[in-house]
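In this text, residue positions in the sequence shown follow the working numbering: the first is 1, and each later residue adds one.
Just so it is clear, CB atoms sit at the ideal spot from N, CA and C, and this is done for glycine as well.
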Amino acid sequence: LVRKQKEKSKRNTEWKSSKHEAFAPPEAHPSNSVDKTSIARLYPQTTILFADMAGFTKWSSTRSPEQVFFFLETLYGAFDKLARRYGVFKVETIGDCYVAVTGLPEAQPDHAVIMCRFA
1 LVRKQKEKSK RNTEWKSSKH EAFAPPEAHP SNSVDKTSIA RLYPQTTILF
51 ADMAGFTKWS STRSPEQVFF FLETLYGAFD KLARRYGVFK VETIGDCYVA
101 VTGLPEAQPD HAVIMCRFA
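Next up, the structure:
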């Protein structure tokens, strides 16, 4: 039982690490930090978008998994294309929520305008 718990803990740590590397900018990685105890940085000039689809849970409950997947894949593909065009950093998708930010990892003085155009 102890061995299984240790293996599970190791898998969770590896998953969190790979998720961090996939979503965080390189300078946020602890190995690139001057202060090795913290990866947090202050970005005072940023805009964050949480695009959550109203009614998605009800809608998806009447669709097949394939239809839901196709819809999300198509929608997020379009969002990703727009993000690249406007210089928006995609943080991640959480279910039916698309999370993106402007103003980091590179400063963007017009971060709010960029995000409005993206939205």
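Length-filtered (4 minimum) alpha helix (DSSP H) runs lying within the stretch 35–81: 56–60
C-beta neighbour in chain D for R84, strict 7 angstroms: Absent from the structure: chain D. Only one protein chain is present.
Exposure of A83, with buried meaning 16 or more beta-carbon neighbours within 10 Å: buried
Residue closest to D96, alpha-carbon to alpha-carbon, out of T102, E106, S64, F56: F56
Per-residue burial, A100 [other beta carbons within 10 Å of its own, 16 or more giving buried]: buried
C-alpha distance - Y86 paired with T47, whole-angstrom precision: 13 angstroms
Bridge partner(s) assigned by DSSP for Y98: A51, T93
Sequence-distant residues of its chain with Cβ nearer than 8 angstroms to H111 (five each side left out): Q45, T46, T47, T102, G103
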